[in-house]
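One structure below.
There are 2 protein chains.
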Amino acid sequence: MLKMKGVNKVYTTDMIETHALREFDLSVESGEFVTVTGPSGSGKTTFLNIAGLLETATSGSYELDGVDILGLSDSQRSVLRNQKVGFIFQGFNLIPDLNLFDNVDVPLRYRGLSAKERKARIEEALARVGLAARAKHVPSQLSGGQQQRVAIARALAGKPKFLLADEPTGNLDSLMARQVMELLEEINTEGTTIVMVTHDPELAARSKRNIQIVDGQVCDMNSYSVS
Amino acid sequence: MLKMKGVNKVYTTDMIETHALREFDLSVESGEFVTVTGPSGSGKTTFLNIAGLLETATSGSYELDGVDILGLSDSQRSVLRNQKVGFIFQGFNLIPDLNLFDNVDVPLRYRGLSAKERKARIEEALARVGLAARAKHVPSQLSGGQQQRVAIARALAGKPKFLLADEPTGNLDSLMARQVMELLEEINTEGTTIVMVTHDPELAARSKRNIQIVDGQVCDMNSYSVS
Ligand SMILES: Nc1ncnc2c1ncn2[C@@H]1O[C@H](COP(=O)(O)OP(=O)(O)OP(=O)(O)O)[C@@H](O)[C@H]1O
Ligand SMILES: Nc1ncnc2c1ncn2[C@@H]1O[C@H](COP(=O)(O)OP(=O)(O)OP(=O)(O)O)[C@@H](O)[C@H]1O
Ligand SMILES: [Mg+2]
Ligand SMILES: [Mg+2]
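Have a look at this one:
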């Protein structure tokens, strides 16, 4: 499903080079649920952004669902991303002047669904994160954890083939973090491949496969365990 | 130091009233280190914003360091806040077009310190959170956890009498979360009164006093334990 080989990402700012990813190798099969952990600044968000076609690698190869990403133009990458990828961003990235209903609607509009189908999905997604009553409010009227839940609803509603979640429970209490994990496990059973960055050791332990990123490189812990 | 009695906070939006705080009573003595926990949407940020003079209560009384807050004008509240309160915001609230050095400098400029003293404090604060090398970068060039650390440095540099921290470790791995807790415990020993909202049960257990907020009301767990 996802195959990265020798991926490097270098950011250059006023003559300082930051090597965010170095010779990064990773394969994720269709249907897997992989958690990603690692220290702050180690490259987790950079990895997700490249995986989700939001950024391009400086070098190396990346194949998503059989498609060679490096051969694509910007607009082709954009189309592929809208069709196949769902995101839960570390900073939520909600649109401030849209209410919750419209915020959840944004990615659905790229999927060619009818207005009736979108409305049904939005209402179900908001209900599942406990925010149906706030559909007409805007993000600034919500608590930090509530905003995070809207970002989760937005990704769930899209039923994407491939879901990338960057710290989806960082602002939630333990009970709600577990509920969100259950929602994600549910859509994983329904066929969505999930890669989730988390700092929560409980959630990492709960996933079938965990990968650690340190200093821009992968350490796949599962290759050391007896299965 | 902090005394709230019968505090209510009601948000009114298109005819819906949200009671964020209800008959909220809380006293915090000078020099305490109190953690605050509770479900998402329960009122923790609202409580901190009123405590830190960023918002006003709908009703009830609030006394900070002997001063009756409700009697103050907006500008008097602002002056008091700049002199006495340090904030670590849930959303970091860094200024996007200022580099890290200038971001940490912002609250120091209200304190009447010389440029030499401010420079020394900024460099020390950034070094303590491991970001001295990035002083000339802007927030968008940093990871989520790095941005959170800049917000922490900004609050530490001010050496405020009263520090309000809203989820200061939500984007940090466990090792770094513990290091941040040590930094906070250090300034608490030096005299800063700290109120910290957290979802991390380990940090809540580590603090000398923990308060739970549920549905806009306080449950002070310590009053039930034998001390
Ligand atoms: N400007 C506003 N207008 C309307 N309702 C608001 C506003 N700000 C906050 N609220 C509501 O007040 C309640 C308390 O919000 P608050 O941000 O204090 O919660 P919290 O405990 O910090 O939650 P979290 O753990 O998710 O950060 C929530 O139901 C929230 O939606
Ligand atoms: N636009 C940019 N310009 C320069 N450096 C960058 C940029 N974006 C990220 N970096 C750097 O690349 C490294 C990896 O960042 P990344 O956001 O991937 O870390 P992360 O593992 O997600 O961290 P966290 O757990 O704190 O969110 C960091 O050192 C960061 O400062
Ligand atoms: Mg990140
Ligand atoms: Mg909050």
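Protein sequence lines correspond, in order, to chains Z and E.
Per the numbering used here, residue 794 is the first one in the first sequence, and the count goes up by one each step.
Per the numbering used here, residue 794 is the first one in the second sequence, and the count goes up by one each step.
Even for Gly, the Cβ is constructed at its ideal location relative to N, Cα and C.
These numbers were taken from a predicted model, which means no experiment stands behind them.
1) Between the region 950-967 of chain E and the region 863-880 of chain E, do at least 3 Cβ pairs fall closer than 8 Å?
2) Using CA coordinates, which residue listed in Z:Lys798, Z:Thr811, Z:Leu819 is at the minimum distance from Z:Cys758?
3) Which residue comes first and which comes last in the beta strand (DSSP E) that contains Z:Phe880?
4) So who's on the other strand from E:His812, going by DSSP bridges?
5) Taking 8 Å as the cut-off, does the region 889-901 of chain Z touch the region 971-984 of chain Z (at least 3 CB pairs, one atom from each stretch)?
6) So what does DSSP say about Z:Leu841, is it helix, strand or coil?
7) Using a cut-off of 7 Å between C-beta atoms, extract the partners of E:His930 located in chain Z.
8) In chain E, which residues lie with their C-beta within 9 Å of the C-beta of Z:Thr838?
9) Does chain E have any CB closer than 8 Å to the CB of Z:Glu975?
10) For Z:Lys1001 versus Z:Phe826, is the C-beta distance shorter than 8 Å?
11) Within the continuous beta strand (DSSP E) that includes Z:Leu956, where are the two ends?
12) Where Z:Leu863 and Z:Pro832 are concerned, what is the direct C-alpha to C-alpha distance, given to the nearest angstrom?
13) Whose C-beta lies closer than 7 Å to the C-beta of Z:Ile1006 among residues of the same chain, with five residues either side of it excluded?
14) Nearest CA to the CA of Z:Thr982: which residue from Z:Ile843, Z:Gly824, Z:Ser871, Z:Gly859?
15) Who are the near neighbours of Z:Leu814 in its chain, counting only those whose CB is closer than 7 Å to its CB and skipping five residues on each side?
16) Below 8 Å on the Cβ atoms is my contact criterion, and I expect E:Glu916 with E:Ala925 to pass it. Report the Cβ-Cβ distance as a whole number of Å.
17) Give the range of the alpha helix (DSSP H) segment to which Z:Glu910 is assigned.
18) Rounded to whole angstroms, what is the Cα-Cα separation between Z:Pro957 and Z:Asp858?
19) Tell me which same chain residues have a C-beta within less than 6 Å of the C-beta of Z:Glu810, skipping the five on either side of it?
20) Going along the chain, which residues of the region 953-967 of chain Z sit with their C-beta nearer than 9 Å to a C-beta in chain E?
21) Locate the alpha helix (DSSP H) running through Z:Asn896, then write down its first and last residues.
22) Suppose the cutoff is 8 Å on Cβ atoms and the five residues either side in sequence are ignored; what does the same chain contact list for Z:Val1019 look like?
23) Considering only the alpha carbon of each residue, which of Z:Gln883, Z:Thr849, Z:Leu887, Z:Ser933 lies closest to Z:Ser871?
24) Where DSSP assigns a beta bridge to E:Thr985, which residues make up the other side?
25) Counting C-beta neighbours from all protein chains within 10 Å, is the total for Z:Thr806 16 or more, i.e. buried, or is it exposed?
26) Using the C-alpha atoms, what's the distance from E:Ser866 back to Z:Thr991?
27) Alpha carbons only, please: which of Z:Lys929, Z:Ser967, Z:Ala918, Z:Asp966 is nearest the one belonging to Z:Ala944?
28) Relative to ligand 2, is the shortest distance from any of its heavy atoms to the C-beta of E:Leu935 smaller than 7 Å?
29) In the DSSP assignment, what residue or residues form a beta bridge with Z:Glu856?
30) With respect to 7 Å, is the separation between the Cβ of E:Thr991 and the closest non-hydrogen atom of ligand 3 below this value?
31) Which residues mark the beginning and the end of the alpha helix (DSSP H) in which Z:Ile888 is found?
32) Alpha carbon to alpha carbon, how far is E:Phe885 from E:Gln941?
33) Please confirm whether E:Lys798 and E:Gly853 have their CB atoms less than 8 Å apart.
34) Using a threshold of 7 Å, is the CB atom of Z:Gln753 nearer than that to any non-hydrogen atom of ligand 4?
35) Any idea what DSSP makes of E:Ser1000, helix, strand or coil?
36) Could you give the residue range of the alpha helix (DSSP H) that holds Z:Val943?
So, to answer that:
1) A contact is defined here as three or more CB-CB pairs under 8 Å, and the region 950-967 of chain E meets this definition with respect to the region 863-880 of chain E.
2) In the structure displayed, chain Z extends from 794 to 1020; residue 758 of chain Z sits before or after that span and is not available.
3) Numbered from 1 along the first sequence, position 87 holds the residue referred to as residue 880 of chain Z. For Z:Phe880, the uninterrupted beta strand (DSSP E) segment begins and ends at 878-881.
4) Working through the second sequence from its first residue, we reach residue 812 of chain E at position 19. Among the bridge pairs identified by DSSP, E:His812 is matched with E:Val803.
5) Proximity of the region 971-984 of chain Z to the region 889-901 of chain Z falls short of the contact definition, fewer than three beta-carbon pairs being nearer than 8 Å.
6) On the first sequence, position 48 is the one that residue 841 of chain Z refers to. Helix.
7) One-based indexing of the second sequence puts residue 930 of chain E at position 137. Here the neighbours are Thr806.
8) Along the first sequence, one-based indexing puts residue 838 of chain Z at 45. Within 9 Å of the CB of Z:Thr838, the CB atoms of chain E belong to Ser936, Gly937, in sequence order along the chain.
9) In the first sequence, the residue the question calls residue 975 of chain Z occupies position 182. At a cut-off of 8 Å between beta carbons, Z:Glu975 makes no contact with chain E.
10) As a first step, residue 1001 of chain Z must be located in the first sequence, where it is residue number 208. As a first step, residue 826 of chain Z must be located in the first sequence, where it is residue number 33. Yes. Within cutoff.
11) As a working note, residue 956 of chain Z is residue 163 in the first sequence. From DSSP, the beta strand (DSSP E) with Z:Leu956 extends over 955-959.
12) Position 70 of the first sequence, counting from 1, holds the residue named residue 863 of chain Z. Position 39 of the first sequence, counting from 1, holds the residue named residue 832 of chain Z. One C-alpha to the other measures close to 28 Å.
13) Stepping through the first sequence from its first residue, residue 1006 of chain Z is reached at position 213. Sequence-distant Cβ neighbours of Z:Ile1006 in its own chain, meaning closer than 7 Å and more than five residues away, are Val829, Gly831, Ser835, Gly836, Lys837, Phe840.
14) Here the question's residue 982 of chain Z lines up with position 189 in the first sequence. Nearest C-alpha to Z:Thr982: Z:Gly824.
15) The count along the first sequence starts at 1 and reaches residue 814 of chain Z at position 21. Val800, Asn801, Lys802, Gly836, Thr839, Phe840, Gly1009, listed in sequence order.
16) Locating residue 916 of chain E in the second sequence gives position 123, where the first residue counts as 1. Locating residue 925 of chain E in the second sequence gives position 132, where the first residue counts as 1. That belief holds up - the Cβ atoms of E:Glu916 and E:Ala925 are roughly 7 Å apart, short of 8 Å.
17) Working through the first sequence from its first residue, we reach residue 910 of chain Z at position 117. Annotation for Z:Glu910: the continuous alpha helix (DSSP H) segment containing it runs 908-921.
18) Counting from 1 along the first sequence, the entry for residue 957 of chain Z is found at position 164. Counting from 1 along the first sequence, the entry for residue 858 of chain Z is found at position 65. The question names Pro, yet the displayed sequence has Leu at residue 957 of chain Z. If you draw a straight line from the Cα of Z:Leu957 to the Cα of Z:Asp858, it comes to about 14 Å.
19) For the purposes of this step, residue 810 of chain Z is taken as the residue at position 17 of the first sequence. When the five nearest sequence neighbours on each side are left out, the beta carbons in the same chain lying within less than 6 Å of the beta carbon of Z:Glu810 are those of Val803, in order along the chain.
20) Within the region 953-967 of chain Z, the residues whose Cβ lies closer than 9 Å to some Cβ of chain E are Asp959, Glu960, Thr962, Gly963, Asn964, Leu965, Asp966, Ser967, listed in chain order.
21) Sequence index remark: in the first sequence, residue 896 of chain Z carries index 103 (1-based). For Z:Asn896, the enclosing alpha helix (DSSP H) covers residues 893-901.
22) Reading the first sequence from its first residue, position 226 is the one you call residue 1019 of chain Z. Here the model assigns Z:Val1019 a pLDDT of 41, short of 50, so the residue's position is not dependable and the matter cannot be decided.
23) Stepping through the first sequence from its first residue, residue 871 of chain Z is reached at position 78. For Z:Ser871, the nearest C-alpha among the options comes from Z:Thr849.
24) By 1-based counting over the second sequence, the position of residue 985 of chain E is 192. Per DSSP, none; premise fails for E:Thr985.
25) For the purposes of this step, residue 806 of chain Z is identified with residue 13 of the first sequence, where counting begins at 1. Classification for Z:Thr806: exposed.
26) Translated into the one-based positions of the first sequence, residue 991 of chain Z becomes position 198. Translated into the one-based positions of the second sequence, residue 866 of chain E becomes position 73. The C-alpha of Z:Thr991 lies about 44 Å from the C-alpha of E:Ser866.
27) Position 151 of the first sequence holds residue 944 of chain Z. Ranking the options by Cα distance to Z:Ala944, first place goes to Z:Ala918.
28) Counting from 1 along the second sequence, the entry for residue 935 of chain E is found at position 142. E:Leu935 has its Cβ nearer than 7 Å to a heavy atom of ligand 2.
29) For the purposes of this step, residue 856 of chain Z is identified with residue 63 of the first sequence, where counting begins at 1. Under DSSP, Z:Glu856 takes part in a beta bridge, and its partners are Z:Lys796, Z:Asp861.
30) For the purposes of this step, residue 991 of chain E is taken as the residue at position 198 of the second sequence. Incorrect: E:Thr991 has no Cβ contact closer than 7 Å to ligand 3.
31) In the first sequence, residue 888 of chain Z corresponds to position 95, counting from 1. Annotation: Z:Ile888 is outside any alpha helix (DSSP H) and is labelled neither H nor E by DSSP.
32) In the second sequence, residue 885 of chain E corresponds to position 92, counting from 1. In the second sequence, residue 941 of chain E corresponds to position 148, counting from 1. Rounded to the nearest angstrom, the gap between the Cα atoms of E:Phe885 and E:Gln941 is 6 Å.
33) Here the question's residue 798 of chain E lines up with position 5 in the second sequence. Here the question's residue 853 of chain E lines up with position 60 in the second sequence. Yes, the pair counts as a contact, with Cβ atoms nearer than the cut-off.
34) Because chain Z spans 794 through 1020 in this model, residue 753 of chain Z falls outside it and cannot be assessed.
35) Position 207 of the second sequence, counting from 1, holds the residue named residue 1000 of chain E. Three-state DSSP puts E:Ser1000 in coil, outside helix and strand.
36) Position 150 of the first sequence, counting from 1, holds the residue named residue 943 of chain Z. In the DSSP assignment, Z:Val943 falls within the alpha helix (DSSP H) that extends over 937-950.
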